[in-house]
Amino acid sequence: MNITLNGEIKTVHDNITVLGLLELLQIQHQRVAVELNESIVKKDNYGSTAIKNGDILEVVSFMGGGTV
Amino acid sequence: MIDDKLVIAGIEFQSRLWVGTGKYKDFAETKKAIEASGTDVVTVSVRRVNIIDKSKENLLDYIDPKKYKILPNTAGCYTAKDAIRTAMLAAEAGITKLVKLEVIGDDKTLFPDNEATLEAAKVLVKEGLIVLPYMSDDPIMAKKLVDLGCPAVMPLAAPIGSGLGIRNPYNIRIIMETVKVPIIVDAGVGTASDVAFAMELGCDAVLLNTAIAGAKDPIAMAEAMKYGVLGGRLAYKAGRIPRKLYATASSPIEGMIGS
C-alpha cells in the first residue's frame, strides 16, 4: 500500500502500525512526534495505531532554528 | 545576582540570555556558542525527520535536554493552524510544554500576524501548553495575550535578523507597565550593547540567534552577549542616574589650590 510520509509517497507493507513504520525507518521514537492525517498519535498508541492505504503521516523532530 | 532568577509558569531560568540554534556552521559550533553564552535556554524548530538520510546527526545529541531547557518554536508558520499543529507536535515529542509561538505575517518583514497569534495562543493555552508568544511591540497585543493566559510575552526589538536593536524603547516601556509578566525581547538585536540596552530598560530576558550565529566569530560574540545581559541587568537593578543637560562636577570644589 502507499502512504504519504513527510510529503513523499512511500510503499509499505499492509497491516503496519506507526511503531512498525518507525522501526522500519530506524527512527528513534523517543524524540519524535507523529501526526496521522493531521491528528497527533500519542506515543503510547504507536503500537496500536494501524496505518491504512492513502494515509498521510508527518514525523517531526527538533532541529536547529531561532526565529523563522 | 544570586536572588535574581527569572521564573515563568513556575519554571526557574538561570540565564536571562536565551539563544537560538539556527544558522550555525555545524552542531559543534552551535554547542560551543551555546556554552560560551552561558545560557540555559535554547530554542529549536520543529521539522520533518530526514527519512532518506537517517545518518544525519540530531541536534539533541549535542544539546543535552537535561542541561538546557528546550524551547520549541513554531518558526516558519504563517497560519494559526500550522502554528497550532507544530506546537502540539513539539509538546508531544515529550520534552517540554513550553513553546515559543510565532505566526509570521509576511516574509519580507517577518513581522508577526497578531490576529493569528492570538487565535493560536488561545487554543494552545487551552491545550495546557506554556505559550510564550512572539509579537510586535504593541502594548494592547501584550495585554490580550496575557489575558488569554500567556505567562510571558516576547515583543520584537526590530525585524528578525535585522540587527537594528530596540527600535521603539518607549513601546517596550509601555508594555512593561501594561502587563505584569516577564518581557522577553525577541529578535532584531545586533550586538552586546543592544542586549545591554534591553536589560537596562527593565526587560526580563533577551532571545537572539542571528546576532551570534552571523557574527564573524560566533563563539566570541556569544560570550560578549553574556556580559551584555549581565551588565545591563546589573545596571537596571543598580538604578541609573538621571539624564541632565548640564555638567555636574564629580570632584570636590573645596581645597582647590589658589582659592
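So the protein sequences, as listed, match chains S and F. Those letters in the first sequence? Residues 38 to 105, per my numbering, in order. Those letters in the second sequence? Residues 34 to 292, per my numbering, in order. Idealized CB from N, CA, C, for every residue including glycine. Bear in mind that the values here come from a model prediction, so they are computed numbers and not experimental data.
Since residue i meets chain F, which of its residues come closer than 9 Å, beta carbon to beta carbon?
i	result
S/S85	Result: empty, since nearest Cβ-Cβ is about 16 Å, beyond 9 Å.
S/N43	R81, V82, N83, I84
Chain S partners of residue i, CB-CB under 9 Å?
i	result
F/G71	Near F/G71 there are no residues of chain S at all, since even the closest Cβ is about 17 Å away, more than 9 Å.
F/G127	Q67, R68, A70, K80
Under the DSSP definition of a beta bridge, which residues are partnered with residue i?
i	result
F/G53	F/T76
F/K102	F/V74
F/P166	F/L134
F/F46	F/L39
F/S226	Answer is none; F/S226 lacks a bridge partner.
F/F144	None, per the DSSP bridge assignment.
F/M187	F/Y167
S/D185	Outside the displayed range of chain S (38 to 105) lies residue 185 of chain S, so it cannot be described from this structure.
For residue i, go through chain S and note every residue whose CB falls closer than 8 Å to its CB, in chain order.
i	result
F/V77	F99, M100, G101, G102
F/I103	F99
F/R49	Near F/R49 there are no residues of chain S at all, since even the closest Cβ is about 17 Å away, more than 8 Å.
F/R118	E72, E75
F/T142	Near F/T142 there are no residues of chain S at all, since even the closest Cβ is about 11 Å away, more than 8 Å.
F/T63	G101
Throw me the rounded Cβ distance for the residue i and residue j pair, which I believe falls under 8 Å.
i	j	result
F/L197	F/G235	Not quite, the Cβ-Cβ distance comes to about 20 Å (not below 8 Å), so this is no contact.
F/S184	F/V214	The question names Ser, but residue 184 of chain F in the sequence shown is Pro. That belief holds up - the Cβ atoms of F/P184 and F/V214 are roughly 6 Å apart, short of 8 Å.
F/M187	F/P166	6 Å
S/V96	S/I64	6 Å
F/S70	F/I245	7 Å
F/N201	F/D170	5 Å
F/I208	F/I216	6 Å
F/N295	S/G84	Outside the modelled stretch of chain F, which goes from 34 to 292, sits residue 295 of chain F, for which no answer is possible.
F/T142	F/A175	The pair is not a contact, with the Cβ atoms about 19 Å apart (cut-off 8 Å).
Kindly list, in the order they appear in chain S, the residues whose Cβ is closer than 7 Å to that of residue i.
i	result
F/Y57	G101
F/L92	F99, M100, G101
F/L122	A70, E72, I77, V97
Here's the rule: buried if 16 or more other CB atoms are within 10 angstroms of the residue's CB, otherwise exposed. What is residue i?
i	result
F/P251	buried
F/A61	exposed
F/I199	buried
F/Y279	exposed
F/T72	buried
S/N39	exposed
F/P285	exposed
S/S98	buried
F/Y203	exposed
Could you say if the stretch 128-136 of chain F and the stretch 105-119 of chain F meet the contact criterion of at least three C-beta pairs nearer than 8 Å? Yes, since at least three Cβ pairs between the stretch 128-136 of chain F and the stretch 105-119 of chain F fall closer than 8 Å, the two stretches touch.
Does the stretch 45-59 of chain S come into contact with the stretch 79-89 of chain S, if we say contact requires no fewer than three beta-carbon pairs (one atom in each stretch) closer than 8 Å? Yes: at least three Cβ pairs fall under 8 Å.
Is there contact here, the stretch 70-82 of chain S with the stretch 45-52 of chain S, by at least three beta-carbon pairs under 8 Å? No, the stretch 70-82 of chain S does not touch the stretch 45-52 of chain S.
Could you check whether the stretch 48-67 of chain F touches the stretch 236-245 of chain F, counting it as contact only if at least three pairs of C-beta atoms, one from each stretch, sit closer than 8 Å? Short answer: they touch.
Please confirm if the stretch 68-85 of chain F is in contact with the stretch 266-274 of chain F, defined as three or more CB-CB distances below 8 Å between the two stretches. Remark: fewer than three beta-carbon pairs, one from each stretch, lie closer than 8 Å, so the stretch 68-85 of chain F and the stretch 266-274 of chain F are not flagged as touching.
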